[in-house]
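Chemist:
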Amino acid sequence: MKKLSTDQIDRALKEFPGWKLVNDMLEKSFTFNDFKEAFSVMTHIAFECEKQDHHPNWENVYNSLSIKLSTHDADGITQKDIDLAKSIEKIVAQS
Ligand code: HBI
2 MKKLSTDQID
12 RALKEFPGWK
22 LVNDMLEKSF
32 TFNDFKEAFS
42 VMTHIAFECE
52 KQDHHPNWEN
62 VYNSLSIKLS
72 THDADGITQK
82 DIDLAKSIEK
92 IVAQS
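Here it is as structure tokens:
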């Protein structure tokens, strides 16, 4: 899978606000009402990750969830990271 250029990433990120490119990773933090909601969203995301065979670096502290995406095989950002970020936005919007 080919690494995306910064321009390509910037263009893709225009579609969904809040994601930042930091140290070659896409990252965004979310805050939920409580731990149960955060963990429920994480569970939905986890199943989507399995479908896409693409997995985040993530940290959950009570009702907060921070997600970082990169493609290990490409050592940078690929379309797989953009696609997963889109799916995460959809899942969070439905929570
Ligand atoms: N998840 N973020 C991320 N990056 C990868 O390169 C990756 C993955 N999940 C599974 C996966 N690659 C498989 O294709 C194997 O390379 C482990």
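Numbered according to this note's numbering, the sequence shown spans residues 2 to 96.
By construction, the Cβ of each residue, glycine as well, lies at the ideal position given by its N, Cα and C atoms.
As the structure is a prediction and not an experimental result, all values here were calculated from the model.
For V42 and S88, which I take to be in contact (beta-carbon distance under 8 angstroms), what is that distance rounded to the nearest angstrom?
Modeler: Wrong, their Cβ atoms sit about 12 angstroms apart, outside the cutoff.
Chemist: Along the chain, where does the alpha helix (DSSP H) that runs through I89 open and close?
Modeler: Element bounds for I89: 80-95.
Chemist: Looking at C-alpha atoms only, which residue of G77, S67, A94 is the closest neighbour of E28?
Modeler: It is S67.
Chemist: From Q9, E60, H55, pick the residue whose C-alpha is nearest to that of D74; which is it?
Modeler: Nearest of Q9, E60, H55 to D74, Cα basis: H55.
Chemist: Shorter than 6 angstroms, the distance from the beta carbon of H56 to the closest heavy atom of the ligand HBI, or not?
Modeler: Flag set: Cβ of H56 near the ligand HBI.
Chemist: May I ask which residues mark the beginning and end of the alpha helix (DSSP H) holding E28?
Modeler: No alpha helix (DSSP H) holds E28; the beta strand (DSSP E) holding it covers 26-32.
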